[in-house]
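Q:
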Amino acid sequence: SCNDAQLCNCSSMGLDFIPPGLTAKITMLNLAHNRIKHIRSQDLQQAVNLRALLLQSNKISSIDEDSFQSLVKLELLDLSNNSLAHLSPVWFEHLFSLQHLHLQGNFYRDLGESSPFSSLRNLSSLHLGNPRFSVIRQGNFEGIELLNKLWIDGDNLSQYEQGSLKLIKKINHMVISLRNISIFSEIVRDLLHSVTWLEVRRIAFSISAEVPLLRVMSSSFAKKISFRQTLLTDATVPEMVSILEDMPKLEEVELIDCRLLGTGQWQMQIQANQSQTLRVLTIEKLSIEEFYLFTDLQTVQGLLFLFTRVTVRNTKVFLVPCRISQHLLSLEYLDLSANLLGDQSLEHSACQGGWPSLQTLNLSRNSLGDLEMTGKSLSHLRKLIILDISQNNFGEIPDACEWPKNLKYLNLSSTQIPKVTTCIPPTLEVLDVSANNLKEFGLQLPFLKELYLTKNQLKTLPGAAPIPNLVVMSVRRNKLSGFSKQEFESFKRMELLDASDNNFICSCEFLSFVQHQAGISQVLVGWPDKYVCDSPLAVRGAQVGAVHLSLMECHRSLVVSLLCILVFLVILILVAVGYKYHAVWYLRMTWAWLQAKRKPKRAPPKDICYDAFVSYSENDSNWVENIMVRELEQACPPFRLCLHKRDFVPGKWIVDNIIDSIEKSHKTLFVLSEHFVQSEWCKYELDFSHFRLFDENNDAAILVLLEPIQSKTIPKRFCKLRKIMNTKTYLEWPLEEEQQQMFWFNLKIALKS
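Numbering of the sequence shown is given in my numbering, commencing with residue 7 and proceeding in unit increments.
1. Which same chain residues, not among the five before or five after L238, have their C-beta less than 6 Å away from its C-beta?
2. Using DSSP's beta-bridge definition, name the partner residues of D240.
3. Between W361 and P137, what straight-line distance do the alpha-carbon atoms span, to the nearest angstrom?
4. Terminal residues of the continuous alpha helix (DSSP H) containing T380?
5. According to DSSP, is S214 part of a helix, a strand, or is it coil?
6. Could you tell me if C539 is buried or exposed, where buried requires 16 or more neighbouring beta carbons within 10 angstroms of its beta carbon?
7. Taking all protein chains shown into account, decide if L287 is buried (16 or more other Cβ within 10 angstroms of its Cβ) or exposed.
8. Assuming I209 and T236 form a contact by the criterion Cβ under 8 Å, report the distance between their Cβ atoms to the nearest whole angstrom.
9. Just checking, does the segment 126-141 make contact with the segment 152-163 on the three C-beta pairs under 8 Å criterion?
10. Determine which residues share a DSSP beta bridge with K411 and list them.
11. Can you give me the Cβ contacts of P25 inside the same chain, cut-off strictly under 8 Å, excluding the 5 residues immediately before and after it?
12. What does the alpha-carbon distance come out to for the pair Q358 and H386?
13. Which residues in the same chain as K465 place their Cβ atom closer than 6 Å to its Cβ, once the five residues preceding and following it in sequence are excluded?
14. Put D535 into one of helix, strand or coil per three-state DSSP.
15. On the three-state DSSP scale, how would you describe N136?
16. So S183 is in the beta strand (DSSP E); what residue range does that whole segment cover?
17. Is the distance from the Cβ of G149 to the Cβ of S188 below 8 Å?
18. With distances taken Cα to Cα, identify the nearest neighbour of S373 among D405, I392, F324.
19. Relative to the C-alpha of N9, which candidate in K31, D22, G27 has its C-alpha closest?
20. Can L37 and L60 be called in contact, C-beta distance under 8 Å?
21. Going by DSSP in three states, C560 sits in which element: helix, strand or coil?
22. Take F23 as the anchor and find which of K651, S7, M34, N40 has the nearest alpha-carbon.
23. Just checking my contact of S89 with N112 at CB under 8 Å: how many whole Å lie between their CB atoms?
24. Checking 8 Å against the spacing of the C-beta atoms, do N625 and H561 come in under that value?
25. Using three-state DSSP, classify C14 as helix, strand or coil.
26. Under the three-state reduction of DSSP, which class applies to N1: helix, strand or coil?
27. Restricting to Cα atoms, I'd like to know which of E493, R115, L50, Q304 is closest to L83.
28. With a threshold of 16 other CB atoms inside 10 Å of the CB of I571, please say whether the residue is buried or exposed.
29. Just mark L85 as buried or exposed, buried being the case when its beta carbon has 16 or more other beta carbons within 10 Å.
30. Who pairs with N417 in a beta bridge, going by DSSP?
31. Once DSSP output is grouped into helix, strand and coil, what is the label at T301?
32. With respect to the alpha helix (DSSP H) encompassing R652, which residues constitute its N-terminal and C-terminal limits?
33. Using a Cβ-Cβ cutoff of less than 7 Å, which residues in the same chain neighbour Y166 once the five nearest sequence positions on both sides are dropped?
34. To the nearest angstrom, report how far apart Q304 and F313 are at their CA atoms.
35. Of all the options L434, S120, D394, E402, which has the alpha carbon lying nearest to the alpha carbon of L413?
36. Would DSSP call C429 helix, strand or coil?
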């Protein structure tokens, strides 16, 4: 479970105990989400170089006192979400290097009579508390002087001894979750001068009678205060605003995931004391159940001119009243993203005289649909430099638009625009049109320095001439098949070019260029890991920088042409050689021989059906069928002859018929003539008989010359047959009638032999 850096992940493995065999090499051990119940003294004894130990979400209920004694280098210990009923100072005595300690989600009700953390001099963050945690005593935090973050889950905290947290001289970020306002007031009193950022969770400011208890906050030196999952009402908001305004060093207020019960009908006028420090307001995911009845906030107009940064995100804002906008005199940053602003409501919100100092405006994820109207509504904002209108559904883009004169940054990503036109202001230095359906980009933007075209349909890089000052460009996840040397040279002056995650066609020209281009890794972001080939198929998924194509792949047309010519020449030569040396005949003979070899060389006697198989030319059929067959089959005793016209099995391959007929006959009778020599099927029959004659060394063949024929007329490839005709007797059909009786006599003798 350990990697090369000795980070060992044994989480979610169903372990009931810490596995044995841990060595000094291990630096991080993750045992979270198992079933460990007890930590023994010897379990971690050898892990002396351990820096992080994660034991959260187990069932740990007991720990031997010296279990962590050898972990002097440990920096992170997470024991959260276990079953510890008490905390022992002895556990942490030797953890001199510990910086982060997580103890929340256990079963302890208090931290003991003294401080369990007194030896943790380097502790930076501490997270404790659980639903049963109810008591904080004096001395519980003794030994801790400085914390970057202290998080206390005290929803059911019922007893807090005054001065318990005062021992900590400085806390950069204090997170406290509780419901008891009285306890909260006592804790704040101890943190007046030590906390820089106070974050309050799950408390309900709903009873106006309890609000005076919070007046102590007005003396706090905190610079930032956050409210998360808190409840506010029309009755308590004015007093809370008054308290926050009185905080002498407060710079920022946050309300995140809070609820406001009311419609802004506050019972008292908020008197602005013109705080000299409060400048930042963040409201995110504020739930106002009757938001459609909310008033125009006239009562807080006096406070608004203080703010320089305002964020109201995901809060169902559909309109900013014109008077409110006109009172935001110092506002430089406004984030109204993820709301319900439409084209008409934006025109009213950004009225003349509104947001006069605004430099950055975020209107992303709203309900804007008319790009021309959006630009016109904002055109009077002379100081506006950065505008984000991404993730609105504009769909179309006109040819001309009005924009603020000093606009330099425009985000139009994910706005469904199909193209870019001269509606885009020429003053821009940064343009983001990612995640649209752009197929090309050819705008003249002389001042543009950064261009983001990620997730479009571009097949080529934009031209460099219209954007001469470009230094950063992203064309990730487009349809680029590559880029030429000329294109790359034109953008080589850029500091960053991100063309990763495209469908690169790894042609030889492209590979040769990118693999030999000096300094390409300094220009291309993610080179070479994120530049992979999409084709050819053989190298799909391979890094462009590591692909080396063969000669065939680089010069496919030339190689294919040469191969075709070569194949044609080889075929031509083979045809010529085959014609000269009768190759076709030898191939036919080989096939027939292989077919014949699969059968027995001689059929069993019981399968012999004929005295002779007669092979003759169709042109000699008159003599064979009317003279020879009548003479032999009417002899006494008669001879059984096999004729192809009469005795071949219908539907059977003719070659098989020939082979079977020869094998089922005692003799093969060849009626030779000039017609026989020219007949193709006679050649086959002669061929098969030729094999039988010479494979078995018998006299199965009988040659009858129907007319005088020279042995040289027989094809030369039948060399052995020609030798037979030169060395053995054959029968000649005499034209004289007196000699024909002798011919029949000799033929019958030959058939009987």
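Note that CB positions come from ideal geometry on N, CA and C, so glycine has one too.
A: Let me spell this out:
1. F211, L266
2. None, per the DSSP bridge assignment.
3. 46 Å
4. 377-384
5. helix
6. buried
7. Answer is buried; the Cβ neighbour count reaches 16.
8. 5 Å
9. yes
10. In the DSSP assignment, K411 forms no beta bridge with any residue.
11. C16
12. 7 Å
13. By the criterion of a C-beta distance shorter than 6 Å, K465 is surrounded in its chain by K485, once the five residues flanking it on both sides are discounted.
14. Note: D535 maps to coil in three-state DSSP.
15. Taken through DSSP and simplified to helix, strand or coil, N136 comes out as coil.
16. 176-184
17. no
18. By alpha-carbon distance to S373, the top candidate from D405, I392, F324 is F324.
19. Per the Cα distances, K31.
20. yes
21. If DSSP states are grouped into helix, strand and coil, C560 belongs with the helices.
22. N40
23. 7 Å
24. no
25. strand
26. Only positions 7 to 759 of the chain appear in this structure, which leaves residue 1 out of reach.
27. Nearest of E493, R115, L50, Q304 to L83, Cα basis: L50.
28. exposed
29. buried
30. D394, D438
31. coil
32. In this chain, the alpha helix (DSSP H) harbouring R652 covers 650-653.
33. I142, I189, E192, I193
34. 16 Å
35. L434
36. coil
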